[in-house]
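Student: What follows is a structure written as structure tokens; I'll ask about it next.
2 protein chains.
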Amino acid sequence: MRKDTFVIGIDFGTESGRVVVVRVRDGEEMAAAVVPYPDGVLDERLPGGARLEPDSALQNPSDYHLVLEKGVSKALREAGVTANDVIAVGTDFTSCTVFATTRDGTPLCFLPEYRHNPLAWAILWKHHAAQPEADRITEIGRERNEEFIRIYGGRYSSEWFFAKVLQVLNDSPKLYEAADRFIEGTDWIVWQLTGLERRNNSTAGYKAMWVKGAGFPSRDFFRALHPRLENVIQEKVGTDFHSLGTRAGGLTAHWAQAMGLLEGTPVSMGVADGHVAIPATTVTEPGSLSMVMGTSLVQMLMGNERRIVEGICGVVEDGIVPGFWGYEAGQYAGGDMFAWFFQHGVPAIVKSEARKQGLPFTTLLEKRAEALRPGESGLLALDWWNGNRCVLVDADLTGLLLGATLATPPEAIFRALLEAAAFGTRQIIEAFDTQGLHTTSVVACGGLPAKNKLLMQIYADVLGREIKVAKRPQTCSALGAAIHAAAAAGRRAGGYDSIPEAAAHMAHLQSATYRPRPESRKIYNRLFQEFRTLHDYFGRAQNDVMRRLKALRRETLAASRNL
Amino acid sequence: MRKDTFVIGIDFGTESGRVVVVRVRDGEEMAAAVVPYPDGVLDERLPGGARLEPDSALQNPSDYHLVLEKGVSKALREAGVTANDVIAVGTDFTSCTVFATTRDGTPLCFLPEYRHNPLAWAILWKHHAAQPEADRITEIGRERNEEFIRIYGGRYSSEWFFAKVLQVLNDSPKLYEAADRFIEGTDWIVWQLTGLERRNNSTAGYKAMWVKGAGFPSRDFFRALHPRLENVIQEKVGTDFHSLGTRAGGLTAHWAQAMGLLEGTPVSMGVADGHVAIPATTVTEPGSLSMVMGTSLVQMLMGNERRIVEGICGVVEDGIVPGFWGYEAGQYAGGDMFAWFFQHGVPAIVKSEARKQGLPFTTLLEKRAEALRPGESGLLALDWWNGNRCVLVDADLTGLLLGATLATPPEAIFRALLEAAAFGTRQIIEAFDTQGLHTTSVVACGGLPAKNKLLMQIYADVLGREIKVAKRPQTCSALGAAIHAAAAAGRRAGGYDSIPEAAAHMAHLQSATYRPRPESRKIYNRLFQEFRTLHDYFGRAQNDVMRRLKALRRETLAASRNL
Numbered sequence: 099m100r101k102d103t104f105v106i107g108i109d110f111g112t113e114s115g116r117v118v119v120v121r122v123r124d125g126e127e128m129a130a131a132v133v134p135y136p137d138g139v140l141d142e143r144l145p146g147g148a149r150l151e152p153d154s155a156l157q158n159p160s161d162y163h164l165v166l167e168k169g170v171s172k173a174l175r176e177a178g179v180t181a182n183d184v185i186a187v188g189t190d191f192t193s194c195t196v197f198a199t200t201r202d203g204t205p206l207c208f209l210p211e212y213r214h215n216p217l218a219w220a221i222l223w224k225h226h227a228a229q230p231e232a233d234r235i236t237e238i239g240r241e242r243n244e245e246f247i248r249i250y251g252g253r254y255s256s257e258w259f260f261a262k263v264l265q266v267l268n269d270s271p272k273l274y275e276a277a278d279r280f281i282e283g284t285d286w287i288v289w290q291l292t293g294l295e296r297r298n299n300s301t302a303g304y305k306a307m308w309v310k311g312a313g314f315p316s317r318d319f320f321r322a323l324h325p326r327l328e329n330v331i332q333e334k335v336g337t338d339f340h341s342l343g344t345r346a347g348g349l350t351a352h353w354a355q356a357m358g359l360l361e362g363t364p365v366s367m368g369v370a371d372g373h374v375a376i377p378a379t380t381v382t383e384p385g386s387l388s389m390v391m392g393t394s395l396v397q398m399l400m401g402n403e404r405r406i407v408e409g410i411c412g413v414v415e416d417g418i419v420p421g422f423w424g425y426e427a428g429q430y431a432g433g434d435m436f437a438w439f440f441q442h443g444v445p446a447i448v449k450s451e452a453r454k455q456g457l458p459f460t461t462l463l464e465k466r467a468e469a470l471r472p473g474e475s476g477l478l479a480l481d482w483w484n485g486n487r488c489v490l491v492d493a494d495l496t497g498l499l500l501g502a503t504l505a506t507p508p509e510a511i512f513r514a515l516l517e518a519a520a521f522g523t524r525q526i527i528e529a530f531d532t533q534g535l536h537t538t539s540v541v542a543c544g545g546l547p548a549k550n551k552l553l554m555q556i557y558a559d560v561l562g563r564e565i566k567v568a569k570r571p572q573t574c575s576a577l578g579a580a581i582h583a584a585a586a587a588g589r590r591a592g593g594y595d596s597i598p599e600a601a602a603h604m605a606h607l608q609s610a611t612y613r614p615r616p617e618s619r620k621i622y623n624r625l626f627q628e629f630r631t632l633h634d635y636f637g638r639a640q641n642d643v644m645r646r647l648k649a650l651r652r653e654t655l656a657a658s659r660n661l
Numbered sequence: 099m100r101k102d103t104f105v106i107g108i109d110f111g112t113e114s115g116r117v118v119v120v121r122v123r124d125g126e127e128m129a130a131a132v133v134p135y136p137d138g139v140l141d142e143r144l145p146g147g148a149r150l151e152p153d154s155a156l157q158n159p160s161d162y163h164l165v166l167e168k169g170v171s172k173a174l175r176e177a178g179v180t181a182n183d184v185i186a187v188g189t190d191f192t193s194c195t196v197f198a199t200t201r202d203g204t205p206l207c208f209l210p211e212y213r214h215n216p217l218a219w220a221i222l223w224k225h226h227a228a229q230p231e232a233d234r235i236t237e238i239g240r241e242r243n244e245e246f247i248r249i250y251g252g253r254y255s256s257e258w259f260f261a262k263v264l265q266v267l268n269d270s271p272k273l274y275e276a277a278d279r280f281i282e283g284t285d286w287i288v289w290q291l292t293g294l295e296r297r298n299n300s301t302a303g304y305k306a307m308w309v310k311g312a313g314f315p316s317r318d319f320f321r322a323l324h325p326r327l328e329n330v331i332q333e334k335v336g337t338d339f340h341s342l343g344t345r346a347g348g349l350t351a352h353w354a355q356a357m358g359l360l361e362g363t364p365v366s367m368g369v370a371d372g373h374v375a376i377p378a379t380t381v382t383e384p385g386s387l388s389m390v391m392g393t394s395l396v397q398m399l400m401g402n403e404r405r406i407v408e409g410i411c412g413v414v415e416d417g418i419v420p421g422f423w424g425y426e427a428g429q430y431a432g433g434d435m436f437a438w439f440f441q442h443g444v445p446a447i448v449k450s451e452a453r454k455q456g457l458p459f460t461t462l463l464e465k466r467a468e469a470l471r472p473g474e475s476g477l478l479a480l481d482w483w484n485g486n487r488c489v490l491v492d493a494d495l496t497g498l499l500l501g502a503t504l505a506t507p508p509e510a511i512f513r514a515l516l517e518a519a520a521f522g523t524r525q526i527i528e529a530f531d532t533q534g535l536h537t538t539s540v541v542a543c544g545g546l547p548a549k550n551k552l553l554m555q556i557y558a559d560v561l562g563r564e565i566k567v568a569k570r571p572q573t574c575s576a577l578g579a580a581i582h583a584a585a586a587a588g589r590r591a592g593g594y595d596s597i598p599e600a601a602a603h604m605a606h607l608q609s610a611t612y613r614p615r616p617e618s619r620k621i622y623n624r625l626f627q628e629f630r631t632l633h634d635y636f637g638r639a640q641n642d643v644m645r646r647l648k649a650l651r652r653e654t655l656a657a658s659r660n661l
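Residue numbers (this note's numbering), protein chains in the order written: chain A, 99 to 661; chain B, 99 to 661.
Here it is in structure tokens:
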């Protein structure tokens with residue numbers, strides 16, 4: 099029998115990094131290490147103390163280094179795996195997280211003269227302060243009938259690459275000039291590990307307007323956005339993009355030593371955390387929908403051809419698995435919305451009751467919410483606590499709760515939020531459906547399917563479909579990074595020759611699934627009609643109150659700053 | 099100098115009864131006693147254990163007796179006032195609270211054979227289970243073009259007298275037959291004290307379709323509602339109604355002894371707790387608006403003539419102060435809505451932070467809400483946690499919160515609820531205005547102005563008017579009952595000859611007032627336009643989602659009961 103080989107997957111999430119050591123033969127996770135980011139999400143102040151604009155979300159790049167330094171050696175030790183048996187390293191990163199760097203990849207916030215400038219830090223995926231820039235890009239893109247506008251379902255998101263780059267230019271022209279490179283976190287981390295600036299074709303396609311065979315929009319387009327943006331591609335981005343699951347380079351001496359690995363160990367191309375999880379859910383074929391359910395919600399559908407779907411995040415050839423068209427959609431808030439409720443909406447009595455019963459309060463809340471039947475709460479919510487990603491693509495939409503009475507208990511609100519997430523997903527699946535992209539099966543992964551069974555049953559009832567769950571739902575991204583690593587290593591080095599081949603051996607599902615209950619399904623069909631009516635009323639410009647309130651909030655905060 | 103005389107005012111509220119001993123000369127409150135109702139509001143189960151329908155709200159009449167027995171002697175003792183110096187007793191009662199009684203006034207729930215029947219108990223003002231009956235009354239009233247429909251602004255409320263009587267008949271024909279009398283709590287308590295069934299013309303006018311000079315609708319109307327209701331007036335209600343501020347009778351021997359007073363001490367006519375407070379706010383003239391701000395919100399405007407105003411609760415000649423037309427409007431939830439939030443919406447961290455600072459958590463919440471500028475929260479709410487009383491008159495409308503984000507703290511929600519209450523009141527004042535009923539001054543009383551300064555400032559800013567506050571805002575109803583008692587006693591017995599005369603001596607205002615701030619006013623003008631748009635969208639049948647969700651909730655609960 100051949101000696102076992104191992105790969106390392108490193109998943110850079112929103113709050114922490116997770117390192118797994120995985121056996122190549124069967125995908126068995128030998129050990130894992132989680133390293134929380136000391137600075138977390140910077141949304142009120144910079145580490146130096148400077149106050150941030152509303153809707154800001156930044157990170158400290160040192161925190162990513164810490165994951166490499168502490169996490170890898172710890173996981174290796176625990177797994178009892180030596181550096182010799184590690185055939186490759188794979189990473190994934192939140193997306194679209196953007197860095198402004200020097201020519202050698204140093205983030206500008208590491209330089210004393212820029213550390214007080216918020217946009218010199220890692221601009222996190224959920225940074226929503228670039229909405230005006232996104233609106234301008236959409237406007238110019240539509241006027242010029244640019245290809246990317248169709249690919250992105252009609253709107254460019256404030257979370258994406260050029261909205262953030264344009265915000266840097268608008269807010270801080272000096273910083274824009276000082277930045278030699280603008281780069282996605284997915285590619286930045288690979289640059290750190292290998293010393294090579296090698297960019298992947300997936301995030302370029304989903305977030306940065308790049309199209310296989312056609313490249314970026316023209317200089318004219320970028321000049322129309324802003325005169326100084328004309329040469330941004332040539333000067334600060336580049337035009338070479340590489341396939342997922344291939345080798346980006348080998349570990350540098352510095353990082354090999356810091357991580358306890360061998361110099362030159364292959365590193366796979368960077369990939370977004372949502373996309374990397376898909377092979378880990380066993381999905382590598384058309385018609386299968388993967389739902390990555392964590393702080394936000396991402397749905398990926400594989401297709402054989404390109405169709406234009408309203409408000410989806412993007413469709414990219416080879417974007418998830420080389421050889422297929424990868425459709426991406428999503429919701430800005432999932433676990434984040436529930437976490438908001440746990441922090442800001444759960445009254446003290448629930449916590450003290452849970453303490454009495456010896457339960458985590460979230461468990462008690464879930465039990466009580468589960469005891470309610472569909473329709474019993476009288477509540478309906480729109481899941482827009484962090485804006486609407488699909489199909490409306492508008493970060494300025496906000497959360498709605500309707501139907502409260504003096505008899506409404508907190509568990510009813512909690513259940514309404516779970517239902518809202520499921521309704522939001524159904525809206526997306528139906529948008530795919532109207533374009534002939536039919537979902538034949540659904541697999542879930544992420545932190546939520548691991549923790550919240552009620553949510554999964556509600557999903558089955560609301561979607562009217564069986565929901566399968568990945569074997570280790572919480573670590574699909576890390577396993578996916580390991581699968582990418584195994585594919586980058588290749589069969590001759592003890593890995594596999596493609597992502598689907600690696601996934602076929604390394605990815606597994608739980609045997610238990612969630613099945614829709616006919617009675618609940620009927621009621622949720624009625625409630626979904628109500629959801630859709632409100633969705634369209636507030637989302638499709640019938641009543642722009644949410645956007646006006648957001649604008650008023652910005653205006654008020656700006657006025658109070660100027661006092 | 100003439101010897102001081104005293105009156106006793108007894109205010110039967112929603113959660114407790116309050117007794118005050120008041121000096122007639124200047125309205126000084128010599129002592130007060132509060133007696134909480136042991137059974138409180140019965141909205142889930144009867145004292146015997148039987149489960150109640152959703153939207154039920156009942157009370158145990160024994161609790162009112164307890165107030166008389168414990169409260170009066172205690173207050174007298176504390177005041178050092180003897181029975182000889184008490185020249186009259188006045189009461190007020192929540193309205194429209196309805197009793198089904200035997201011929202001698204005994205509530206049917208006191209009889210063993212009816213105590214398991216929910217509607218044999220006091221049917222509290224906020225009992226909302228009679229909405230189908232209210233809808234039917236509105237429908238028949240409109241078809242027949244009945245006078246009361248115009249007086250009540252176009253709709254009959256589920257809270258009112260005949261909606262509740264009709265529910266008794268529909269749900270329990272036997273109980274209807276067993277009831278010799280149906281009577282408002284205001285008149286029932288006077289009947290208890292004096293042994294005389296003497297009904298007042300104010301609640302009859304505001305809640306029971308009675309019109310001065312014309313009486314009740316015809317037998318035909320009642321037969322159209324239900325064949326067995328044809329003779330309800332003749333058989334179970336009566337046609338004699340008496341003016342506010344007059345003598346209903348004298349204390350019976352039993353109650354004089356139980357309360358420590360003299361037999362035959364004059365008792366004034368019964369009056370609703372909202373109406374009785376008005377003279378205590380010094381308002382006895384046209385153009386002055388009184389706001390009674392407690393668990394619910396009531397606005398009263400005095401006028402010289404009758405106008406028809408959309409959706410007001412009623413306009414009754416002599417209904418508040420004899421000689422004027424009293425316009426009543428209101429909102430179903432005020433303090434109740436804030437209390438819901440305190441109980442169900444305030445997270446544990448706020449409570450623990452308040453403990454650290456040595457503050458009640460409500461104070462901390464108010465401080466933080468006060469630090470937010472108008473518009474800063476990005477939130478907007480509709481104050482319909484208990485339905486909409488005016489101007490839509492629909493108990494099936496429900497609460498709405500719009501604009502929530504992951505950054506929304508609890509104090510922002512609290513502030514949005516305070517603002518929603520003020521917007522709801524502005525909607526009412528503007529409805530009066532369109533009919534030429536102009537508000538020239540505003541005086542507030544009730545528990546809220548005493549406790550919540552932020553709410554009062556928001557009211558001033560939202561209404562764009564100076565708000566004055568009664569000297570003792572929390573006890574206006576009890577003082578009002580005392581004023582009514584002084585008027586019922588008459589000048590020769592040491593009292594006064596009319597309610598205005600009594601009020602001129604006994605009622606006082608605080609010197610400090612709340613004035614609108616121009617900047618806040620501008621922003622609230624914008625927000626009120628948004629409020630109005632949502633109000634009309636959800637309230638005027640553009641999207642009946644709230645009503646459909648309520649119907650679905652009822653359906654779901656009924657189905658689970660039948661399992």
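A virtual CB, placed ideally from N, CA and C, is assigned to each residue, including glycine.
Nearest to Val374 (chain B) by alpha carbon, out of B:Gly501, B:Ala576, B:Thr496 and B:Ala505?
Tutor: The shortest C-alpha separation from Val374 (chain B) is found at B:Ala576.
Student: From the DSSP output, in three-state form, read off Asp492 (chain A) for me.
Tutor: Reduced to three states, the DSSP call for Asp492 (chain A) is strand.
Student: Go through its chain and collect everything with a Cβ distance to Met389 (chain A)'s Cβ below 6 Å, but skip five positions before and after it.
Tutor: These residues qualify, in order along the chain: Gln397 and Ala542.
Student: Name the residue from A:Leu650, A:Val309, A:Ala276 and A:His442 whose alpha carbon lies nearest to the alpha carbon of Phe339 (chain A).
Tutor: It is A:Val309 whose Cα lies nearest to the Cα of Phe339 (chain A).
Student: In chain order, which continuous runs of the beta strand (DSSP E) of length 3 or greater are located wholly inside the segment 348-377 of chain B?
Tutor: The qualifying runs are 364-366.
Student: Rounding to the nearest angstrom, what Cα-Cα distance links Asp494 (chain B) and Leu478 (chain A) in this structure?
Tutor: One C-alpha to the other measures close to 15 Å.
Student: I'd like the span of the alpha helix (DSSP H) that includes Cys574 (chain B), first residue to last.
Tutor: Its alpha helix (DSSP H) spans residues Cys574 to Ala587.
Student: Hey, Ala583 (chain A) and Ile106 (chain A) are a contact pair by Cβ (cut 8 Å); roughly how many whole angstroms apart?
Tutor: Correct: roughly 7 Å between the Cβ atoms.
Student: At 3 residues or longer, and completely inside the segment 443-488 of chain A: list those beta strand (DSSP E) runs for me, N to C.
Tutor: Runs of the beta strand (DSSP E) inside the segment 443-488 of chain A: 478-480.
Student: When you compare the CB positions of Val414 (chain B) and Arg404 (chain B), do they come within less than 7 Å of one another, or not?
Tutor: Not in contact: Val414 (chain B) and Arg404 (chain B) (Cβ atoms no closer than 7 Å).
Student: What would DSSP say about Gln627 (chain B), mapped onto helix, strand or coil?
Tutor: Three-state result, Gln627 (chain B): helix.
Student: Determine, for His442 (chain A), whether the minimum Cβ-Cβ distance to residues of chain B falls below 7 Å.
Tutor: Judged by the 7 Å Cβ criterion, His442 (chain A) is in contact with chain B.
Student: In chain order, which alpha helix (DSSP H) runs of at least 4 residues are fully inside the segment 226-293 of chain A?
Tutor: If we require 4 residues or more, the alpha helix (DSSP H) runs fully inside the segment 226-293 of chain A come out as 229-241, 245-249, 259-269, 271-276 and 283-292.
Student: Would you say Lys620 (chain B) lies against chain A (beta-carbon separation less than 7 Å)?
Tutor: Taking Cβ atoms only, chain A never reaches closer than 7 Å to Lys620 (chain B), which makes this a no.
Student: Less than 7 Å between CB atoms is the rule here; does Trp223 (chain A) satisfy it with respect to chain B?
Tutor: Taking Cβ atoms only, chain B never reaches closer than 7 Å to Trp223 (chain A), which makes this a no.
Student: Is the distance from the Cβ of Ala587 (chain B) to the Cβ of Gly593 (chain B) below 7 Å?
Tutor: Their beta carbons are under 7 Å apart, which means Ala587 (chain B) touches Gly593 (chain B) by this criterion.
Student: Return the chain-ordered list of same chain residues with a C-beta closer than 7 Å to the C-beta of Thr460 (chain A), the five sequence neighbours on each side being excluded.
Tutor: Answer for Thr460 (chain A): Phe440, listed in chain order.
Student: Please check if any C-beta of chain A sits within less than 7 Å of the C-beta of Asn484 (chain B).
Tutor: Taking Cβ atoms only, chain A reaches closer than 7 Å to Asn484 (chain B), which makes this a yes.
Student: In or out: Ile597 (chain A) buried (at least 16 other Cβ within 10 Å) or exposed?
Tutor: So Ile597 (chain A) ends up on the buried side.
Student: What are the boundary residues of the beta strand (DSSP E) that includes Ile511 (chain B)?
Tutor: Counting along the chain, Ile511 (chain B) falls outside any beta strand (DSSP E), though it belongs to the alpha helix (DSSP H) covering Pro508 to Thr532.
Student: Taking 8 Å as the cut-off, does the segment 152-166 of chain B touch the segment 206-219 of chain B (at least 3 CB pairs, one atom from each stretch)?
Tutor: Yes: the two stretches touch, three or more of their Cβ pairs being nearer than 8 Å.
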